[in-house]
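Worksheet: one structure, shown below.
Residue numbers (my numbering): 8 to 394.
Right, dumping it as structure tokens:
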């Protein structure tokens, strides 16, 4: 029996996928897998029972990735599962930035008791006049699952869309409309676009990437949208750009004390992925990934180990999952152990990511206790599982 701990409320559409081989638990020490959304896991102690953590969402800054990797715990996220929800909030914000709808609504509330509200509103509406987004230039920073959806939708709305992503894959490029201008220089985006929206993960290379230089060269009067992570934007630089009027408005769903002190900001609660559909999609994807890993050893959408799959394991023979350091001659050592034991390797795949690597092996027969013991004796082996 595999025990699954839910650290947050996880949509039942996900947990309903768990078969009779699984049980939900409240005891972290007994958990084989953990499903989590926003709970902070940095102070948690992980037991030897824990094989995997699946984040029902994209960001994983609430999980100690390096410590998990050292202990042989795979951490998954669910990229793309909430992409449509974030796309829709981004599009909503484009309209809110162009038309002073919120200002108009607030005016109506303030004058709600007036007997001449209709006539007064007609006179007042010119104060809330805005502009249309059609024909305006939108710069999309990051063309992954969310950025691509935003870019394509903005093209359909008649915007002139520019996108930049130095890490875009070939598959990602195929998802983009041919009408999107793909540029390779961030400065070109900053200098020329009326609206800018950022959709990149928070990691050392992107922290504070929207810095003083970026803010200083932005097109005067532009609008900047940030529904990715607050740490991507240098708050001092953005505050200065807003004060000077170079940036007309900053819209985000990260309410921090620094942001709340800024001029001309529109701040929401963290609503980017807060739709029933997104929560369901994330829960389903997270649950499927953790089950596939536990049962078949397959890793898909990991953030601390390499993706590595061999499909469902056969009912005949044995599958061995080996987590180890990414060092020379590991495959040689592993293969020799099975060869010396007279056990034939029917299939093998190995993938590496940074300091860590992962090897899946299908044997024609059952693995001997001696071979498994020999694997565990290799100094750079982190975890061995017989599936």
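Don't be surprised by glycine CBs; every beta carbon is placed ideally from N, CA and C.
By the criterion of at least three beta-carbon pairs nearer than 8 Å, the region 319-331 is not in contact with the region 98-116. For a cut-off of 8 Å, the C-beta gap from residue 370 to residue 325 is around 5 Å, short enough to register as a contact. Annotated as proximal: residue 263 and residue 237, with beta-carbon spacing under 9 Å. The Cβ-Cβ distance between residue 157 and residue 97 falls below 9 Å. CA-CA distance, residue 312 to residue 81, rounds to 6 Å. Within the same chain, and ignoring the five residues on either side of residue 47 in sequence, the residues whose Cβ sits closer than 7 Å to its Cβ are 69. Under the three-state reduction of DSSP output, residue 330 falls in the strand class.
Between residue 258 and the set 234, 251, 153 and 189, the nearest pair of CA atoms involves 234.
The Cβ-Cβ distance between residue 146 and residue 83 does not fall below 9 Å.
Residue range 193-199 is occupied by the alpha helix (DSSP H) that includes residue 196. For residue 83, there is no enclosing alpha helix (DSSP H); the residue is found in the beta strand (DSSP E) stretching over 81-83.
Annotation: residue 265 to residue 187 spans about 34 Å, alpha carbon to alpha carbon. For residue 151, the secondary structure class from DSSP, reduced to helix, strand or coil, is coil. Under the DSSP definition of a beta bridge, residue 59 partners with 40 and 81. Just so you know, the alpha carbons of residue 110 and residue 275 end up roughly 15 Å apart. Residue 61 places its beta carbon 9 Å or farther from that of residue 22. According to the DSSP assignment, residue 369 belongs to no alpha helix (DSSP H) but to the beta strand (DSSP E) extending over 363-370.
Judged by beta-carbon spacing, residue 301 lies beyond the 9 Å limit of residue 382, meaning their Cβ atoms are not closer than that value. Uninterrupted beta strand (DSSP E) stretches at least 3 residues long and entirely within the region 188-267 occur at 188-190, 202-205, 229-233 and 254-259, given in chain order. Between the region 20-34 and the region 284-298, the count of Cβ pairs shorter than 8 Å is three or higher; the stretches touch.
Contact annotation: the region 223-230 touches the region 180-200, with at least three C-beta pairs closer than 8 Å. Taking every protein chain shown into account, the CB of residue 309 has 16 or more other CB atoms within 10 angstroms, so this residue is buried. The continuous beta strand (DSSP E) containing residue 167 extends over residues 167-171. With 16 or more other Cβ atoms inside 10 Å of its own Cβ, residue 260 counts as buried. Within the model, the alpha-carbon separation for residue 385 versus residue 41 is close to 28 Å.
Straight across, the Cα-Cα distance linking residue 35 with residue 254 is about 47 Å. The DSSP-derived three-state label of residue 336 is coil. Between the beta-carbon of residue 230 and that of residue 148 there is about 14 Å, and that puts the pair past the 8 Å contact cut. Within its own chain, the residues whose Cβ lies closer than 6 Å to the Cβ of residue 143, once the five positions on either side in sequence are excluded, are 166 and 201, listed in chain order. Residue 322 and residue 336 have their C-alpha atoms spaced approximately 30 Å apart. Separation of residue 134 and residue 106 (C-alpha to C-alpha, rounded to the nearest whole angstrom) is 11 Å. Across the set 136, 185 and 173, the C-alpha of 185 shows the shortest separation from the C-alpha of residue 160. When DSSP states are grouped into helix, strand and coil, residue 159 belongs to the helix group.
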